[in-house]
Amino acid sequence: MRKSTVTRTVLIAMAVAFASPALAQRTEPPTPTSPPTGSTTDTTPRTLSFSDLDVNADGKVSKDEAAADARLTSHYAQVDRDGDGQVSEAEYAAGHQRTDTSTPP
């Protein structure tokens, strides 16, 4: 009889030991944290410089290169004053001067 009591006590102790970590875990959901400030969630359109847009550094911004700037793309024909299908640095600068006082390039 003494052997079964010892065995039962050992089994109960083992069951408690294995169940304790599961019972000690948090049951409430973690509190939400706010997103970090200054992160990549900034959606403000950034004005790209001529050199940012002139990817192949040929001194001109093609329509393909202008695709990186939605404002330039929507006004490409107006900015391309000589109509050669390329925006030179002078045309780009003139387009920005016009847009500082009116609508985007």
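All letters in the sequence shown, in the order written, are residues 1 to 105 by UniProt numbering.
Cβ coordinates follow ideal geometry from the N, Cα and C atoms, glycine included.
As the structure is a prediction and not an experimental result, all values here were calculated from the model.
Terminal residues of the alpha helix (DSSP H) in which residue i lies
| i | result |
| --- | --- |
| T73 | 70-74 |
| L48 | Where L48 is concerned, there is no enclosing alpha helix (DSSP H), given that its DSSP letter is neither H nor E. |
Buried/exposed call for residue i, threshold 16 Cβ in 10 Å
| i | result |
| --- | --- |
| L53 | buried |
| T103 | Only weak support exists for where T103 lies, its pLDDT of 49 falling under 50; the value from the coordinates is given anyway. The residue is exposed, with fewer than 16 neighbouring Cβ atoms inside 10 Å. |
| residue 174 | Nothing about residue 174 can be reported from this structure: the residues present for the chain run from 1 to 105 only. |
| A66 | buried |
| D80 | buried |
| K60 | buried |
According to DSSP, residues forming a beta bridge with residue i
| i | result |
| --- | --- |
| V87 | V61 |
Supposed close pair residue i, residue j - CB separation, criterion 8 Å
| i | j | result |
| --- | --- | --- |
| Q86 | S62 | 6 Å |
Own chain, CB closer than 7 Å to residue i, minus 5 neighbours either side, in chain order
| i | result |
| --- | --- |
| E69 | One point to set straight first is that residue 69 is Asp, not Glu, in the sequence displayed. The residues are L48, L53. |
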